[in-house]
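Going left to right, the sequence shown walks through residues 504 to 563 as my numbering numbers them. Where a beta carbon is used, it is the ideal one built from N, C-alpha and C, also for glycine.
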Amino acid sequence: MTYALDVAFVAADDRVLAVRRLPPWRGPLRPVPGAVSVLEAPAGWFASRRLLVGSQLAAL
504 MTYALDVAFV AADDRVLAVR RLPPWRGPLR PVPGAVSVLE APAGWFASRR LLVGSQLAAL
């Protein structure tokens, strides 16, 4: 990929366990224990919306 991504690892209870930056042309990230899903967004998107470790996600 040619641009950076932010990757959020999410637990079964919809709590954010970790947020990592994936630079362009970089290999895969290591898994986060307890994560059952991953969200990807353009770099900076999570921070601009205050999505931090411990945040609780909610479906709209």
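What does DSSP give as the partner residues of residue i in its beta bridges?
{"i": "Ser540", "result": "Val513"}
{"i": "Pro545", "result": "Leu508"}
{"i": "Arg518", "result": "Gln559"}
{"i": "Arg523", "result": "Val510"}
What whole-angstrom Cβ distance do residue i and residue j have, given they're in contact under 8 Å?
{"i": "Leu520", "j": "Gly547", "result": "At roughly 20 Å, the Cβ-Cβ gap does not stay under 8 Å, so Leu520 and Gly547 are not in contact."}
{"i": "Ala544", "j": "Asp509", "result": "5 Å"}
{"i": "Ala511", "j": "Leu542", "result": "4 Å"}
Take the Cβ of residue i as the centre, count every other Cβ of all protein chains shown within 10 Å, and call the residue buried at 16 or more, exposed below.
{"i": "Val556", "result": "exposed"}
Taking 8 Å as the threshold (C-beta atoms), are residue j and residue i in contact?
{"i": "Leu560", "j": "Val522", "result": "no"}
{"i": "Val513", "j": "Ser551", "result": "no"}
{"i": "Pro531", "j": "Tyr506", "result": "no"}
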